[in-house]
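*Asks:* Mind looking over this structure? Questions follow.
Residue numbers (our numbering): 15 to 205.
Here it is, written out as structure tokens:
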């Protein structure tokens, strides 16, 4: 109910790193817990140590095969019983990996569904070019959804009013487009 002000430092970190750094949000008066932290009884933020990860020394081929198997297993579990899968395909590495996993599962007969790659942004952008090329190469239907200034303002308002500025507005893409998707559809994104 009080006055809220933009956090210029958080805005700059979103522009530089794609997320607000530390405990910042886009609004100065709204804070969040940093990664690996907890709040003590006095309301102070206590940073936890980074967990030990250990080392895995195996041939790269073995690691790649195991990673592929794990991704396939996770995708199979997520897609189980779905007839329509929408893949957010930016054209970047993460979404291309997910696209490749879905194509492998379809080719192996482990999935029986329709995959539609969905891309947003400016028509002549690098992301749109590569996402269309990846989708066509893998045999997926491809949709390009425009993302104009009205969408950006709507996403900004959604980020502020519903999500406490914890998710930068550019990460919301055009999620309202999926309101028309069948309720048993699945939207996949890689990051």
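In this text, a Cβ means the ideal position worked out from N, Cα and C, and glycines have one as well.
Could you check where the beta strand (DSSP E) with residue 144 kicks off and where it finishes?
*Replies:* Where residue 144 is concerned, there is no enclosing beta strand (DSSP E), although the alpha helix (DSSP H) it sits in stretches over 140 to 152.
*Asks:* Which ranges would you report for the alpha helix (DSSP H) in the region 99 to 130 if only whole runs of at least 4 residues count?
*Replies:* DSSP runs (the alpha helix (DSSP H)) wholly in the region 99 to 130: 107 to 121.
*Asks:* Alpha helix (DSSP H) containing residue 163: first to last residue?
*Replies:* From DSSP, the alpha helix (DSSP H) with residue 163 extends over 163 to 175.
*Asks:* Which residue wins for smallest C-alpha separation from residue 151, given the options 118, 167, 164 and 41?
*Replies:* The shortest Cα separation from residue 151 among 118, 167, 164 and 41 belongs to 118.
*Asks:* Quick check on residue 120: buried or exposed, where buried means 16 or more other Cβ atoms within 10 Å of its Cβ?
*Replies:* Residue 120 comes out buried.
*Asks:* Using 8 Å as the cut-off, classify the Cβ of residue 31 as near or not near the heavy atoms of the ligand COA, replying yes or no.
*Replies:* For the ligand COA, the structure offers nothing, since it holds no ligand at all.
*Asks:* At a cut of 8 Å, does the region 135 to 154 reach the region 105 to 112 through at least three beta carbon pairs?
*Replies:* The region 135 to 154 vs the region 105 to 112: in contact.
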